[in-house]
Amino acid sequence: RSLVLIIIAIGVGLGLAAAAGMFSSSNANEEQRNISVIAANARALKTSSGYGSSGTNLIPSLIAINGVPKNMSVSSGVVYNVYGGSVTVSSTGMGFSITTSKLPQDACITLATKIAKNTFEQTKINSGSAITGEVTTAAATQACSSDSNSITWTYSS
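The working numbering applies: residue 12 is where the sequence shown begins, and numbers increase by one.
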């Protein structure tokens, strides 16, 4: 009887571990889509003189044009990712930067490698140096070194 209970407990534990892994992957995929939508909508804010003065907060404009995905939380003008971290979008003059925070290590690695290669010119993970172009898995693994990471992607047009 004890053996049966142990086998059941192991089965439940393995099932929960598998579900947690799928949930984590699902969150990273959702966040990847969210960042892509925000980037596309931020590009729509560009005027002939760019995105405003460097440092201009573009979040209020994105909120006003419904440019923030509906599945993201917005509270008092602050946008939050699926991990509870803030998401900011700031002008760099003729481009913009998107920063997302509180990313667990696995999501940080996934987002750094998947998003950077298609849309953004530079990626900065935590306080490291900016990486131009594609971010390799090895570079992301080294840079995404904590349980609460931040990534900044910079787009220039």
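Idealized CB from N, CA, C, for every residue including glycine. These figures come from a predicted structure and were not determined experimentally.
Simplified DSSP assignment, three categories, for residue i
i    : result
T152 : helix
T147 : coil
S35  : Here the model assigns S35 a pLDDT of 48, short of 50, so the residue's position is not dependable, and the following value carries that caveat. Helix.
S157 : coil
S112 : strand
Residue from the options whose Cα sits closest to the Cα of residue i
i    : options                : result
V48  : V100, L114, Y62        : V100
I46  : S37, N92, G88          : N92
N38  : A75, L122, L56, I162   : L122
L56  : T163, A151, D117, M105 : M105
C119 : S65, S60, S64, S157    : S157
S161 : V85, V146, P115        : P115
A149 : D117, G95, N40, I76    : D117
S138 : S112, I126, T147, E145 : S112
P80  : S59, S86, R44          : R44
Residues near residue i by beta carbon distance below 8 Å, same chain, minus five either side
i   : result
A53 : Y62, L69, L73, G78, V100, F107, I109, Y166
T67 : S101, S102
G88 : I70, P71, I74
Inter-residue spacing [alpha-carbon to alpha-carbon] between residue i and residue j
i    : j    : result
V90  : S159 : 17 Å
S42  : S102 : Here residue 42 turns out to be Glu, not Ser, going by the sequence shown. Roughly 21 Å between the two C-alpha positions.
C155 : Y94  : 15 Å
S97  : V146 : 22 Å
A141 : S65  : 18 Å
CB of residue i within 7 Å of CB of residue j, strictly
i    : j    : result
A50  : T130 : yes
K135 : T152 : no
Cutoff 6 Å; reference residue i; Cβ partners in own chain excluding five residues on either side
i    : result
T143 : Q133
Near the ligand GTP: residue i beta-carbon under 6 Å from a heavy atom
i   : result
T99 : Absence of the ligand GTP is noted for the structure shown, with no ligands found whatsoever.
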